[in-house]
Amino acid sequence: MNQRYRGYLIDLDGTLFRGREVIEGGLSLIMGLEKRGIPYLYLTNNASRRPEQVAERLQAFGYPAQPEQVVTSAQATAHWMRERFHRPAVYAIGEEGLQEALREAGCTFSEQQPDAVVMGIDRSYSYEKMKTACLAIRAGARFIGTNGDLALPTDEGLLPGNGSLIAGVAAATGTQPVLIGKPERPIMDFALERLGTAPEETLVVGDNLMTDIQAGVNAGIDTLLVFSGVTTPAEYRQATIQATHTCDDLREWEYL
Ligand SMILES: [Mg+2]
């Protein structure tokens, strides 16, 4: 059989695991790709963890994840910066994953007249950080966000995501950021480059219509929406965005 999809870009939360629980369909999908020798990458908007940490988390659920198979919005942001600036000075708000990715990309860190303000989720966000970011943007720094997710599903409930932190800075400066993560193009272009497949032979798999599926639509990549996470079948029936394929459980997927 001639396989149409030669590479997969796969979401994590709600697709491969939910909280502390593995999703059996996710394991089945990955094992099927391994068996068939089809390349794939784990694609996450989470900018707080290093790829090694993301891979370790996946391994704990039983996924054969290697750090080089992980694409984070922090890496995509660092790549985007490297392509546009030569060793830029950045003011970065964010955790370890973002700081390390920017450092590896040759960025230097400065609060004084940075070329860019880069924002990722930061659990120790403060008025002082917001103030530094706003003054820099007012003084002409580019404003870049790793991703625009407004809320993060957790065991405690929906917590404020990076998009909510960014919204405050955008309101205070009257400046909208360039966003890198799903559903925007930059992370998809970066992931395709890493995966080495063309858009028309690649499949995006995810549970979130507004991020995963919209990302595929924006980048001209086919999509598989699985109803194991955020988007419910009822919401999907009302939606204007359409996935190429849908399923209730990834164990049903036939590797078209
Ligand atoms: Mg998800």
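In my numbering, the protein residues as written are -5 to 250. All C-beta atoms, glycine included, are put in the ideal place defined by N, C-alpha and C.
**Report entry** G303 beta carbon near ligand 1 (any heavy atom closer than 7 Å)
**Finding:** Residue 303 lies beyond the stretch modelled for the chain, which goes from -5 to 250, so this question has no answer here.
Report task. Identify which residue in L6, I4, G26, K123 has its Cα closest to the Cα of E246. Result -> G26
Requested in this report: Say whether the region 12 to 30 touches the region 154 to 164, bearing in mind that this needs 3 or more beta-carbon pairs closer than 8 Å, one atom from each stretch.
Outcome: With a cut-off of 8 Å on Cβ pairs, the region 12 to 30 is not in contact with the region 154 to 164, counting fewer than three such pairs.
Query - Contacts around P193, its chain only, beta-carbon distance under 7 Å, and the 5 residues preceding and following it disregarded - result: In chain order, L186, A213, G214, I215 place their CB closer than 7 Å to the CB of P193, counting only its own chain and leaving out the 5 sequence neighbours on each side.
**Report entry** Residues that Y85 bridges to, as DSSP identifies them
**Finding:** Its beta-bridge partners are V111.
Report task. Could you please give me the residues that DSSP links to Y34 through a beta bridge? Result -> Y2
Query - Sequence-distant residues of its chain with Cβ nearer than 6 Å to K123 (five each side left out) - result: I87
**Report entry** Nonlocal neighbours in the same chain, by C-beta distance under 7 Å from T76, ignoring five residues either side
**Finding:** Note that residue 76 corresponds to Arg in the displayed sequence, not to Thr. Closer than 7 Å at Cβ, skipping near neighbours: A99, G100.
**Report entry** T205 beta carbon less than 8 Å from that of T39
**Finding:** Here the sequence assigns Asn to residue 39, which means Thr is not the residue at that position. Yes. Within cutoff.
Query raised in the report: Does DSSP classify C101 as helix, strand or coil?
Result: coil
**Report entry** Span separating the alpha-carbon of L102 from that of Q63
**Finding:** The question names Leu, but residue 102 is Thr in the sequence shown. Taking the Cα positions, T102 is about 26 Å away from Q63.
Report task. Could you work out which residue in T196, A164, S222 is closest to T238 when comparing CA atoms only? Result -> T196
Query raised in the report: If you compare alpha carbons, which of A83, V163, T167 is closest to Y119?
Result: V163
Report task. Please list, in chain order, all residues of the same chain as L146 whose beta carbon is under 6 Å from its beta carbon, the five residues on each side excluded. Result -> L153, G155
Query raised in the report: Mind checking whether the beta-carbon of T9 lies closer than 7 Å to any heavy atom of ligand 1?
Result: Shortest gap from the CB of T9 to any heavy atom of ligand 1: under 7 Å.
Requested in this report: Could you tell me whether the Cβ atoms of V111 and L92 are closer together than 8 Å?
Outcome: In this structure, L92 does not lie closer than 8 Å to V111 by Cβ.
Report task. Can you say whether A133 is buried or exposed, counting buried as having 16 or more other CB atoms within 10 angstroms of its CB? Result -> Exposed, because fewer than 16 other Cβ atoms sit within 10 Å of the Cβ of A133.
Requested in this report: Would you mind working out which of Y230, M182, D201, T240 sits nearest A70, comparing C-alpha positions?
Outcome: M182
Requested in this report: Would you tell me roughly how many angstroms separate the C-alpha atoms of M(-5) and I32, rounded to the nearest one?
Outcome: In this prediction, M(-5) has a pLDDT of 48, which is less than 50 and means its spatial position is unreliable; nothing more can be read from the coordinates.
Query - Secondary structure, beta strand (DSSP E): runs of 3+ residues fully inside the region 182 to 218 - result: 196 to 200
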